[in-house]
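Enquirer: I have a structure I would like to understand better, so I am pasting it below and will then ask my questions one at a time.
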DNA sequence: CCTTTAATAGTCAGCCTGACTATAAACAGG
DNA sequence: CCTGTTTATAGTCAGGCTGACTATTAAAGG
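Chains as they are written, first to last, in our numbering: chain G, 2 to 248; chain D, 2 to 248.
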């Protein structure tokens, strides 16, 4: 970083944007809010807001997420939040110079968010990715980047469990992969791979879930301590052999 | 992103920081500049500077890099520049609120940079990573993040060629991996893997480099069109089986 | 009951990798 | 000129992991 040159310094507004994903009804959903005020009023946008003078971007992201979803602070504090990238095109906001730090979060399926915060969010809603219409600002690009990032991260990290409730079956975990990747996975092979990775999932001592689904009852598992997958669990054929955009 | 609430808006300074790496004399080097002015005057720091009102962070990164290394604009424009992450801790700069977008770049070995820009850079120098003393601001953390990122990217991308001159031998390419990973790789196995990956490298029609090294002359290759490595080229044992910090 | 659905067990061949051995072609020195 | 060292390149071989499949078990629905 350079020195403070009065000629060079220019004030920017700094915001955070959040791409919060969940898997619901076999489709990847993202949390969107309807804008209530001027730029893009009425349009759907990613939740987010200004970074306050004494907080980091990540703190701002958690605060905004709590405000706009009504989730308890405790849940938000423990959430898997990951910095995606920063968007800084000069004209990305029609009003002024705004640099935005984008984050990605994965949450298990949960009830429709309560957009209580009377300020920013007029209404918040889970929307199936792909059914999301045009978004405000450059949020469509952010969403696309986030979507591609989480697809890639499923390959070499264990964070698919972040989409699942505390206890889940291997079928549920597999459906996370199938939903995000939009592919069918071989059931026995998936099971073998997951169980062969130490620390990915841990069997729950107790019983097996009985009702619920239609087939043979499945054993319950919890997320294990591992965070990385070595070797990775690669997407089937759709894995582009080359030319994949990096990062 | 949220609406413009005068209570919430606060002006920030936005800067870019660059972690520019090269492989030189068997060691990974990073480009550092000696600060000439007040905060941390005399200390070493990553090159960088303020984002101007009408440019994106990436444009600012390229401009600063050109200014501080004296590289021709053309070279800088074609450089592989990748956004690392954004650092926004409130107190990372003792003077004011500064949010910095960090970038990583990989360049082939080149002559010592000419720190001509009379303003920011008092002096610029390649420094072996690990021999770098304490750095200004949070640049030590940025450097560590950048180092770990490029190590990981070598596993599943083709960008090791970015460290090499336009034409290189497989021995040179291998030494890039060995230097960044600080491991020895099996020569025949490395060769087999690289040549088996379509589009990673392309044989140069002409001759093989003769003088130079001591052993049997090696064939010359150029970087191919591929950008991703499927399947990846994993680090030997030091690959942490789990607990790797995720991006 | 009988069909459908899903979980779980197990098999088998092919690919990739790590570990090694062998040969070729230069250079350094005596 | 011969020898040892160094590096490139060619192969071999066993083990691990993966993809493709088959089989069995245990529920739910009609």
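We put the CB at the ideal spot given by N, CA and C, even for glycine.
Below 8 Å on C-beta distance, what does residue 73/G contact in chain D?
Expert: On the first chain, residue 73/G is found 72 positions in, with the first residue counted as 1. Under the 8 Å cutoff, chain D gives no residues; its nearest Cβ is about 21 Å from residue 73/G.
Enquirer: Put residue 30/D into one of helix, strand or coil per three-state DSSP.
Expert: Numbered from its first residue, the second chain carries residue 30/D at position 29. Strand at residue 30/D.
Enquirer: Under 7 Å Cβ-Cβ, which residues of chain G neighbour residue 77/D?
Expert: Start at 1 with the first residue of the second chain, and residue 77/D comes out as number 76. Within 7 Å Cβ-Cβ: nothing; residue 77/D doesn't reach chain G, min ~17 Å.
Enquirer: Since I believe residue 140/D is in contact with residue 107/D (beta carbons under 8 Å), could you give me their beta-carbon distance rounded to a whole number of angstroms?
Expert: In the second chain, counting from the first residue as 1, residue 107/D sits at position 106. In the second chain, counting from the first residue as 1, residue 140/D sits at position 139. About 18 Å; that fails the 8 Å criterion.
Enquirer: Quick check on residue 179/D - is its C-beta less than 7 Å from some C-beta in chain G?
Expert: The sequence position of residue 179/D within the second chain is 178, counting from 1. Answer no: the Cβ-Cβ gap between residue 179/D and chain G never drops below 7 Å.
Enquirer: In the segment 93-150 of chain D, which residue ranges form an unbroken beta strand (DSSP E) of at least 3 residues, counting only runs that do not cross its ends?
Expert: Counting only runs of 3 or more, we get 99-107, 122-129.
Enquirer: Which whole runs of the alpha helix (DSSP H) in the segment 142-191 of chain D are 4 residues long or more, in chain order?
Expert: You should have 171-182.
Enquirer: Are the CB atoms of residue 132/G and residue 105/G nearer to each other than 7 Å?
Expert: Counting from 1 along the first chain, the entry for residue 132/G is found at position 131. Counting from 1 along the first chain, the entry for residue 105/G is found at position 104. It is not a contact, given that the beta carbons lie outside the stated cut-off.
Enquirer: Whole angstroms are fine: how far does the CA of residue 112/D sit from the CA of residue 22/D?
Expert: Taking the second chain and counting its residues from 1, the one referred to as residue 22/D is at position 21. Taking the second chain and counting its residues from 1, the one referred to as residue 112/D is at position 111. Spanning the two alpha carbons is a distance of roughly 13 Å.
Enquirer: Compile a chain-ordered list of the residues in the segment 127-146 of chain G whose CB is closer than 8 Å to at least one CB of chain D.
Expert: If the cut-off is 8 Å between Cβ atoms, the segment 127-146 of chain G has 137, 138, 140 near chain D.
Enquirer: Distance, Cα to Cα, residue 86/G vs residue 168/D?
Expert: Residue numbering aside, residue 86/G sits at position 85 when the first chain is read from its first letter. Residue numbering aside, residue 168/D sits at position 167 when the second chain is read from its first letter. If you take the alpha carbons of residue 86/G and residue 168/D, they lie about 33 Å apart.
Enquirer: Of all the options 55/D, 49/D, 146/D, which has the alpha carbon lying nearest to the alpha carbon of residue 67/D?
Expert: By one-based count along the second chain, residue 67/D stands at place 66. Of the listed residues, the one whose Cα sits closest to residue 67/D is 49/D.
Enquirer: Using a Cβ-Cβ cutoff of less than 6 Å, which residues in the same chain neighbour residue 101/G once the five nearest sequence positions on both sides are dropped?
Expert: One-based indexing of the first chain puts residue 101/G at position 100. 16, 18, 88.
Enquirer: When the Cα of residue 125/G is compared with those of 73/G, 90/G, 173/G, 36/G, which residue comes out closest?
Expert: One-based indexing of the first chain puts residue 125/G at position 124. Closest option to residue 125/G, Cα to Cα, is 36/G.
Enquirer: Below 7 Å between beta carbons: does that hold for residue 173/G and residue 234/G?
Expert: For this step, residue 173/G is matched to residue 172 along the first chain. For this step, residue 234/G is matched to residue 233 along the first chain. Their beta carbons are not under 7 Å apart, which means residue 173/G does not touch residue 234/G by this criterion.
Enquirer: Can you tell me the Cα-Cα spacing of residue 142/G and residue 196/D, whole angstroms?
Expert: Counting from one through the first chain, the residue named residue 142/G turns up at place 141. Counting from one through the second chain, the residue named residue 196/D turns up at place 195. Residue 142/G and residue 196/D: Cα-Cα distance of roughly 35 Å.
Enquirer: Is there at least one Cβ from chain D nearer than 7 Å to residue 202/G's Cβ?
Expert: Mapped onto the first chain, residue 202/G falls at position 201. Judged by the 7 Å Cβ criterion, residue 202/G is not in contact with chain D.
Enquirer: Please determine if the segment 217-227 of chain D and the segment 188-203 of chain D are in contact, where contact requires at least 3 C-beta pairs separated by less than 8 Å.
Expert: Contact between the segment 217-227 of chain D and the segment 188-203 of chain D is present, because at least three Cβ pairs lie under 8 Å.
Enquirer: Taking only runs of the alpha helix (DSSP H) that begin and end inside the segment 44-101 of chain G, which ones reach a length of at least 4 residues, in chain order?
Expert: Here the runs fully enclosed are 58-70, 74-79.
Enquirer: Is residue 249/G near residue 175/G, with beta carbons less than 7 Å apart?
Expert: Residue numbering for chain G in the displayed model covers 2 to 248; residue 249/G lies beyond these limits and cannot be assessed.
Enquirer: Kindly identify the DSSP beta-bridge partner or partners of residue 230/G.
Expert: Along the first chain, one-based indexing puts residue 230/G at 229. Paired residue(s): none; residue 230/G is not in a bridge.
Enquirer: Using the Cα positions of residue 109/G and residue 43/D, report the straight-line distance between them to the nearest angstrom.
Expert: Taking the first residue of the first chain as 1, we reach residue 109/G at position 108. Taking the first residue of the second chain as 1, we reach residue 43/D at position 42. So the alpha carbons of these two residues sit roughly 50 Å apart.
Enquirer: Along chain G, which residues have their Cβ under 7 Å away from the Cβ of residue 62/D?
Expert: Translated into positions along the second chain, residue 62/D becomes position 61. Result: empty, since nearest Cβ-Cβ is about 10 Å, beyond 7 Å.
Enquirer: Could you give the DSSP three-state label for residue 196/G: helix, strand or coil?
Expert: The count along the first chain starts at 1 and reaches residue 196/G at position 195. Note: residue 196/G maps to helix in three-state DSSP.
Enquirer: Using a threshold of 7 Å, state whether the C-beta atoms of residue 229/D and residue 158/D are closer than that.
Expert: Position 228 of the second chain, counted from the first residue, corresponds to residue 229/D. Position 157 of the second chain, counted from the first residue, corresponds to residue 158/D. For residue 229/D and residue 158/D, yes; Cβs fall inside 7 Å.
Enquirer: Given a cut-off of 7 Å, decide if residue 138/G and residue 93/G are closer than it, judged by their beta-carbon atoms.
Expert: Indexing the first chain from 1 puts residue 93/G at position 92. Indexing the first chain from 1 puts residue 138/G at position 137. Yes, these two residues count as a Cβ contact at 7 Å.
Enquirer: Report the three-state DSSP secondary structure of residue 18/D (helix, strand or coil).
Expert: Here residue 18/D corresponds to residue number 17 of the second chain, with the count starting at 1. Looking at residue 18/D - three-state DSSP - the assignment turns out to be strand.
Enquirer: For residue 232/D, return the contacting residues in chain G, with the cut-off set at a CB-CB distance below 9 Å.
Expert: As a first step, residue 232/D must be located in the second chain, where it is residue number 231. Within chain G, the residues near residue 232/D are 232, 233, 235.
Enquirer: Roughly how many whole angstroms lie between the Cα atoms of residue 251/G and residue 231/D?
Expert: The structure shown has nothing for residue 251/G, since chain G only spans 2 to 248.
Enquirer: Please report whether the beta-carbon of residue 87/G lies at a distance below 7 Å from any beta-carbon of chain D.
Expert: As a position in the first chain, residue 87/G is number 86, starting the count at 1. Judged by the 7 Å Cβ criterion, residue 87/G is in contact with chain D.
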